[in-house]
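**Student:** In my numbering, the protein residues as written are 125 to 284.
Beta carbons are placed, not taken as given, at the ideal position from N, Cα and C, and that holds for glycine.
Before anything else, here's the structure in question.
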């Protein structure tokens, strides 16, 4: 390799003006599936949703709430409505689909089996991480409330 001592006349000006970009990120884990019972029969499963973020809009660096599948359905619908209302002026990336129900789970069969619950947990984690880092949705009040506010009724009320 040939070494030279030639310097550009712009070299120092560029390095003086360079700033490290301010990158914001949110990481979400979905853990601790818990099946709830009603009248000694399984009624629904909730998941612990743990969030770590660098977005100042959250007001905290980390938070944790418990959510059920229907809450994720609400979030997807809320964000889809925001996109359809054309609130954002630039083109919007498509939202990912939620992990679907199987025919059997739709009628309640297999919905509480460990394999089904674990598969849904993984897919919900993938879904929420895409949403939490979506260019337009990442600072939406509905998403922030979904990830931060313990009471889902309060989260939905204060997001509309």
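Rounded C-beta distance between residue 245 and residue 189? I'm assuming under 8 Å.
**Tutor:** The Cβ separation is near 15 Å, so there is no contact.
**Student:** Throw me the rounded Cβ distance for the residue 256 and residue 150 pair, which I believe falls under 8 Å.
**Tutor:** With a Cβ gap of about 4 Å, residue 256 and residue 150 count as contacting.
**Student:** For residue 197 and residue 175, which I take to be in contact (beta-carbon distance under 8 Å), what is that distance rounded to the nearest angstrom?
**Tutor:** Not quite, the Cβ-Cβ distance comes to about 19 Å (not below 8 Å), so this is no contact.
**Student:** Helix, strand or coil: which one does DSSP assign to residue 195?
**Tutor:** Looking at residue 195 - three-state DSSP - the assignment turns out to be helix.
**Student:** Quick check on this structure: which residue in 156, 161, 263, 270 has the alpha carbon closest to the alpha carbon of residue 181?
**Tutor:** If we check each option's Cα against that of residue 181, 263 comes out closest.
**Student:** Could you pull the start and end residues of the alpha helix (DSSP H) that residue 271 belongs to?
**Tutor:** First-last of the alpha helix (DSSP H) with residue 271: 265 to 272.
**Student:** Residues in the same chain with beta-carbon distance under 7 Å from residue 179, minus the five sequence neighbours each way, listed in chain order, please.
**Tutor:** Closer than 7 Å at the Cβ level, and outside the excluded window around residue 179, lie 148, 150, 262, 263.
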